[in-house]
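Chemist: Numbering (my numbering), first residue to last: 384 to 984.
Glycine included, every Cβ here is placed at the ideal spot set by N, Cα and C.
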């Protein structure tokens, strides 16, 4: 804006004292100061407001004005509240240095002038930025020449002082200006966004997280593969990106809201371009999956794997191991607000495919192109991922490579597959190590469970199963069935987001979810209800004692130490358990029955 516009605004109460020929100077900001030397805080183009507290006598005016002129300020506005009339020595100094000087009426607050200047300057910058955004959109529509969303986010920061990030539906940062968004904060914002979207509200959504206010703008996929807007929101809620801005947009003018909507449209163009690049990996996965399900010869499947490996792991010198991950999203008949269609009308396969592609992104890798290892197909309501794993060299002599098989990979029959021998300890089998590149079911969902639960709301479920790693084409069919079976185990568990790994398929936990509820209740009641009733009447802690005794493998000394009891007291309690239930805890069969009853209760 120009100085002349300020003078023509009656509400500001400005009176020109000198510098009429300089009124076309551009005002880029405003600063209030009573320092004798404010140069360190000036960058040029400001309208400086001062109450003249720095002036002690007439000799102070010229040095002060000289400093302002040297800093390139647009003009000086002096308040009349302190001294009444503006001193003549200040007027003369401004004339000498060709610095426009205004008198501010004592009834006008400096805050009023500041607010007016900031509003006008921000509006003009927004207009300039809108033109940049429009030009950037035209560039990106025809290719990546615009430089990606980071360019526009940088402009939002530099021109409008808005910090913004592009986030995936799980809160993973895709783009941002300045410091990265902490992962827990990104997940919390994504959860707010998904929950608000499920209610059918229109964006932007306001979210208060960790003491700051954010505005969340949906980024709709507008490309050829986009779901039509009239369809159920559940078809896209788990795949749409969002733009998170650290500001409260509830009182923004329409022009600024329109600008941010333009930014989201621009990012949607980039999303479409990257989705198109992902189709190659999807097609590879679909081809391999069709061969596996059709029972094709291992040599034929191996040939397709050799084509896929360089695409998914560029530069890899040997054929990798492979894992299969199966995911499914199911909707119940009772939906939340904004859900127009029944669960049978929602195509679950594409939803699960997009979601699985997001879940499988390595959380340690930031940026939009970190999914280049992921090939996901969908068949029916399932999404199936084919994930390559770099081979981990093993220095042990008994793992020397043998002859190659007909799939073109090395025969590693002497090497136990990942997870072999771990079935006896399912509570620790899923813990990944730095040397183990394999996917682990619980680890996949740990960082995304909270936001996805918000998106699934009260009518959706995500279930996921992970196979063991296989070393050749022959193993893929078994890995697919293993992952599908693990997903069914996860589906039998409570919760909105559940996963199961291949380790659990060699444990009793595989069987427990499939026991009918009435059988489960009858079995546990027959064994445990007498103990619970006794505990309620006598506070004897028999259930706690039974759990500890079984957990200590029937060791009297270890169990007594854990419970801080004398061994004789422990023997008394175990005897009471046996008396009430008619069972003998020295017998393996009775121990097993108690163990299963506790697990199912």
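Can at least three beta-carbon pairs, one atom from the segment 564 to 583 and one from the segment 832 to 843, be found at a separation below 8 Å?
Modeler: Yes: at least three Cβ pairs fall under 8 Å.
Chemist: Quickly, what does DSSP pair residue 881 with across the bridge? List them, please.
Modeler: Here residue 881 refers to the residue found at position 498 of the chain shown. According to DSSP, residue 881 bridges with 846.
Chemist: How long is the line joining the alpha carbons of residue 387 and residue 410, rounded to whole angstroms?
Modeler: Taking the chain shown and counting its residues from 1, one reaches residue 387 at position 4. Taking the chain shown and counting its residues from 1, one reaches residue 410 at position 27. Those two C-alpha atoms are separated by around 10 Å.
Chemist: Could you round the C-beta distance between residue 942 and residue 953 to whole angstroms and report it? I think they count as a contact, below 8 Å.
Modeler: Reading the chain shown from its first residue, position 559 is the one you call residue 942. Reading the chain shown from its first residue, position 570 is the one you call residue 953. 6 Å between Cβ atoms; contact.
Chemist: By the 10 Å Cβ neighbour count, where 16 or more other Cβ atoms means buried, how is residue 329 classified, buried or exposed?
Modeler: The structure shown has nothing for residue 329, since the chain only spans 384 to 984.
Chemist: So, at 6 Å on beta carbons, what are the nonlocal neighbours of residue 401 in its own chain, with the 5 sequence-adjacent residues on each side left out?
Modeler: Counting from one through the chain shown, the residue named residue 401 turns up at place 18. So the qualifying residues of the chain are 474, 477, 478, 484.
Chemist: Are residue 744 and residue 870 touching if we call contact CB-CB under 8 Å?
Modeler: Start at 1 with the first residue of the chain shown, and residue 744 comes out as number 361. Start at 1 with the first residue of the chain shown, and residue 870 comes out as number 487. No, the pair does not count as a contact, with Cβ atoms beyond the cut-off.
Chemist: With a threshold of 8 Å, are at least 3 pairs of Cβ atoms found where one atom belongs to the segment 616 to 628 and the other to the segment 546 to 563?
Modeler: yes
Chemist: Quick one: what's got a C-beta closer than 6 Å to residue 832's C-beta in the same chain, skipping five residues either side?
Modeler: Translated into positions along the chain shown, residue 832 becomes position 449. Cβ neighbours of residue 832 beyond the five flanking positions: 880.
Chemist: Please determine, among 442, 494, 668, the residue with the shortest C-alpha to C-alpha distance to residue 460.
Modeler: By 1-based counting over the chain shown, the position of residue 460 is 77. Put simply, of 442, 494, 668 the residue whose alpha carbon is nearest the alpha carbon of residue 460 is 494.
Chemist: Does residue 730 come out as helix, strand or coil in the three-state DSSP assignment?
Modeler: Counted from its first residue, the chain shown places residue 730 at position 347. Taken through DSSP and simplified to helix, strand or coil, residue 730 comes out as coil.
Chemist: Quick one: is residue 469 buried, meaning 16 or more other Cβ sit within 10 Å of its Cβ, or exposed?
Modeler: Residue 469 sits at position 86 when you count from the first residue of the chain shown. With 16 or more Cβ atoms within 10 Å of its Cβ, residue 469 is classed as buried.
Chemist: Buried or exposed for residue 992, please, with buried defined as at least 16 other CB atoms from any protein chain shown within 10 angstroms of its CB.
Modeler: Within the shown structure, residues of the chain are numbered from 384 to 984, placing residue 992 beyond reach of any answer.
Chemist: Tell me, please, whether the segment 449 to 459 touches the segment 413 to 433 by the rule of three or more beta-carbon pairs shorter than 8 Å.
Modeler: At 8 Å Cβ cutoff, the stretches touch.
Chemist: For residue 563, which of helix, strand or coil comes out of DSSP?
Modeler: The sequence position of residue 563 within the chain shown is 180, counting from 1. Assignment of residue 563 by DSSP, reduced to helix, strand and coil, places it in the coil class.
Chemist: Where does residue 412 sit, in a helix, a strand or coil, going by DSSP?
Modeler: If you number the chain shown from 1, residue 412 lands on position 29. Three-state DSSP puts residue 412 in a strand.
Chemist: Suppose contacts are defined by Cβ-Cβ distances below 8 Å. Is residue 759 in contact with residue 866 by that definition?
Modeler: Here residue 759 is taken as the residue at index 376 of the chain shown, counted from 1. Here residue 866 is taken as the residue at index 483 of the chain shown, counted from 1. No, the pair does not count as a contact, with Cβ atoms beyond the cut-off.
Chemist: Confirm, please, whether the CB-CB distance from residue 573 to residue 553 is below 8 Å.
Modeler: Position 170 of the chain shown, counting from 1, holds the residue named residue 553. Position 190 of the chain shown, counting from 1, holds the residue named residue 573. Yes, these two residues count as a Cβ contact at 8 Å.
Chemist: Please classify residue 365 as buried or exposed, where buried requires at least 16 other C-beta atoms within 10 Å of its C-beta.
Modeler: Residue 365 is absent from the structure shown; the chain starts at 384 and stops at 984.
Chemist: Quick one: is residue 501 buried, meaning 16 or more other Cβ sit within 10 Å of its Cβ, or exposed?
Modeler: Taking the chain shown and counting its residues from 1, one reaches residue 501 at position 118. Note on residue 501: under 16 other CB atoms within 10 angstroms of its CB, so exposed under the neighbour-count rule.
Chemist: Name the DSSP beta bridge partners of residue 397, please?
Modeler: Sequence index remark: in the chain shown, residue 397 carries index 14 (1-based). Answer is 487, bridged to residue 397.
Chemist: Could you check what DSSP says for residue 670 in three-state terms: helix, strand or coil?
Modeler: Within the chain shown, the letter at position 287 stands for residue 670. In this structure, residue 670 counts as helix in the three-state DSSP scheme.
Chemist: Relative to the C-alpha of residue 975, which candidate in 959, 910, 923 has its C-alpha closest?
Modeler: In the chain shown, counting from the first residue as 1, residue 975 sits at position 592. When only C-alpha atoms are compared, the closest one is 910.
Chemist: Please go through the same chain and pick out, in chain order, the residues whose beta-carbon is closer than 8 Å to the beta-carbon of residue 344, but skip the five residues on each side of it.
Modeler: Absent from the model: residue 344. The displayed extent of the chain is 384 to 984, so no value can be given.
Chemist: Is residue 421 helix, strand or coil by DSSP?
Modeler: Sequence index remark: in the chain shown, residue 421 carries index 38 (1-based). DSSP places residue 421 in coil when its eight states are reduced to three.
Chemist: By Cβ distance, which residues of its chain are closer than 8 Å to residue 969, with the 5 residues on each side in sequence left out?
Modeler: Sequence index remark: in the chain shown, residue 969 carries index 586 (1-based). Excluding residues within five positions, the ones whose Cβ falls inside 8 Å are 937.
Chemist: Classify residue 583 as helix, strand or coil using the three-state DSSP reduction.
Modeler: Walking along the chain shown from the start, residue 583 turns up at place 200. Of the three classes helix, strand and coil, the one that applies to residue 583 here is coil, per DSSP.
Chemist: Which of the three DSSP states is assigned to residue 571 in this structure?
Modeler: Here residue 571 refers to the residue found at position 188 of the chain shown. The DSSP-derived three-state label of residue 571 is helix.
Chemist: Going by alpha carbons, who is nearest to residue 593 out of 567, 962, 966, 950?
Modeler: In the chain shown, residue 593 corresponds to position 210, counting from 1. That would be 567, whose Cα lies nearest to the Cα of residue 593.
Chemist: Please report the distance separating the alpha-carbon of residue 767 from that of residue 663.
Modeler: Sequence index remark: in the chain shown, residue 767 carries index 384 (1-based). Sequence index remark: in the chain shown, residue 663 carries index 280 (1-based). Going from the Cα of residue 767 to the Cα of residue 663 covers about 15 Å.
Chemist: Return the bridge partner residues of residue 855 from the DSSP annotation.
Modeler: In the chain shown, residue 855 corresponds to position 472, counting from 1. In the DSSP output, where bridge partners are listed per residue, residue 855 has none listed.
Chemist: Compute the beta-carbon to beta-carbon distance between residue 916 and residue 926, rounded to the nearest angstrom, for a pair I have assumed lies under 8 Å.
Modeler: Locating residue 916 in the chain shown gives position 533, where the first residue counts as 1. Locating residue 926 in the chain shown gives position 543, where the first residue counts as 1. Between residue 926 and residue 916 the Cβ distance is about 11 Å, and since that is not below 8 Å, they are no contact.
Chemist: Could you name the residues of the same chain whose beta carbon sits closer than 6 Å to that of residue 928, not counting the 5 residues immediately before and after it, in chain order?
Modeler: If you number the chain shown from 1, residue 928 lands on position 545. Hits under 6 Å: 956.
Chemist: Does the beta-carbon distance from residue 454 to residue 412 come in below 8 Å?
Modeler: Counting from one through the chain shown, the residue named residue 454 turns up at place 71. Counting from one through the chain shown, the residue named residue 412 turns up at place 29. No, Cβ-Cβ distance for residue 454 and residue 412 is not below 8 Å.
Chemist: Please classify residue 455: does DSSP put it in a helix, a strand, or coil?
Modeler: Here residue 455 corresponds to residue number 72 of the chain shown, with the count starting at 1. The answer is coil: DSSP assigns residue 455 none of H, G, I, E or B.
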